[in-house]
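Student: Protein chains in written order, with my numbering: chain P, 1 to 120; chain L, 121 to 240.
Supplied in structure tokens, the structure appears directly below.
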């Protein structure tokens, strides 16, 4: 059974998943890896081929994406294949989208208020 | 006139604006400030009031949001007021949205391919 510490740990992960998602996306190399992986799964060596950096450096970037829950990988023999996990990406999009909509709604409300003022 | 160095500087800023936007959003306190500011402009001291941290700490977070172009501020006398700048937020949403759509498109294509296989 889940003890108190385990529960708090899960809660902390849930509260911070957007932190890790945006931090993971805040790097051009990692966004490049996402660009590639939305087109379909790819092996680590294929992903590294297009990058102006060493294989270990690419693997570190992939690890950040994996820890953020944006990417998952599995090993078959000596080949590790990565693929996108879309849920966190969708959540990251939703958070921003909702904030933008809120901003637009409040801008509309302000516009209407100012219009009313002019009519008087 | 813009010299070569100035031009490269602008190019670098343009290429990295998503880095700074996502890095700025990758912190719960800063997302909290955005949550507040999408509802309308607010003074720095009003923004700090709801936070379990010092005023200078809140100001540092606001600086990160400002440098990312998500927020702008202006001072009138001794009072600094912050407000949202929606463009970068929209760009950050768009980048993720386009990637998600790409992923879904490729998933659909895979689904169709597999369906065809079954029909044969």
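We treat Cβ as the ideally placed atom computed from N, Cα and C, and that holds for glycine.
Note down the Cα distance separating residue 23/P from residue 118/P, rounded to an integer number of angstroms.
Tutor: Distance between the alpha carbons of residue 23/P and residue 118/P is about 45 Å.
Student: Please report the Cβ distance between residue 140/L and residue 188/L, rounded to the nearest whole angstrom; I am assuming they are in contact, meaning their Cβ atoms lie under 8 Å.
Tutor: At roughly 4 Å, the Cβ-Cβ gap stays under 8 Å, so residue 140/L and residue 188/L are in contact.
Student: If residue 71/P and residue 59/P are in contact, beta carbons under 8 Å, what's the gap, nearest whole angstrom?
Tutor: Their Cβ separation, rounded to whole angstroms, is 12 Å, which puts residue 71/P and residue 59/P out of contact at 8 Å.
Student: Quick one, which residues of the stretch 67-90 of chain P are near chain L if we go by CB-CB under 9 Å, in chain order?
Tutor: Taking 9 Å as the Cβ-Cβ cut-off against chain L, the residues of the stretch 67-90 of chain P that qualify are 84, 86, 89 and 90.
Student: Using only the alpha-carbon positions, how far apart do residue 182/L and residue 30/P sit?
Tutor: Using only the alpha carbons, I get a separation of about 25 Å.
Student: How many Å lie between residue 47/P and residue 26/P at the Cα?
Tutor: Distance between the alpha carbons of residue 47/P and residue 26/P: 19 Å.
Student: Looking at the C-beta of residue 130/L, does it have a partner C-beta in chain P at a distance below 9 Å?
Tutor: So no, residue 130/L is outside the interface.
Student: Measure from the alpha carbon of residue 140/P to the alpha carbon of each residue in 148/L, 200/L and 137/L, then state which is nearest.
Tutor: Outside the displayed range of chain P (1 to 120) lies residue 140/P, so it cannot be described from this structure.
Student: Is the distance from the Cβ of residue 203/L to the Cβ of residue 160/L below 9 Å?
Tutor: Contact: yes.
Student: Given a limit of 9 Å on CB to CB distance, which residues of the stretch 13-42 of chain P reach chain L?
Tutor: Listed by position along the chain: 15, 16, 18, 19, 20, 21, 22, 23, 24, 25, 26, 27, 28, 31, 34, 35, 37, 38, 39 and 40.
Student: Taking the C-alpha atoms as reference points, what is the distance between residue 9/P and residue 153/L?
Tutor: Those two C-alpha atoms are separated by around 25 Å.
Student: Taking the Cβ atom as the reference point for each residue, do residue 77/P and residue 217/L lie within a distance shorter than 9 Å?
Tutor: No, the pair does not count as a contact, with Cβ atoms beyond the cut-off.
Student: Could you work out which residues of chain L lie near residue 92/P, taking near to mean beta carbons separated by less than 7 Å?
Tutor: Going along chain L in sequence order, the residues near residue 92/P (Cβ under 7 Å) are 216.
Student: In this structure, does DSSP put residue 39/P in helix, strand or coil?
Tutor: Coil.
Student: Grab me the residues of residue 51/P's own chain with a C-beta within less than 6 Å of its C-beta, minus the 5 sequence neighbours each way, in chain order.
Tutor: So the list reads 58, once near-sequence residues are dropped.
Student: Scan the stretch 33-81 of chain P and note each continuous beta strand (DSSP E) run of 3 residues or more that stays entirely inside, going in chain order.
Tutor: Runs found: 71-76.
Student: One question on the structure: do residue 89/P and residue 219/L come within less than 9 Å of each other, judged by their Cβ atoms?
Tutor: Yes, they are a contact pair.
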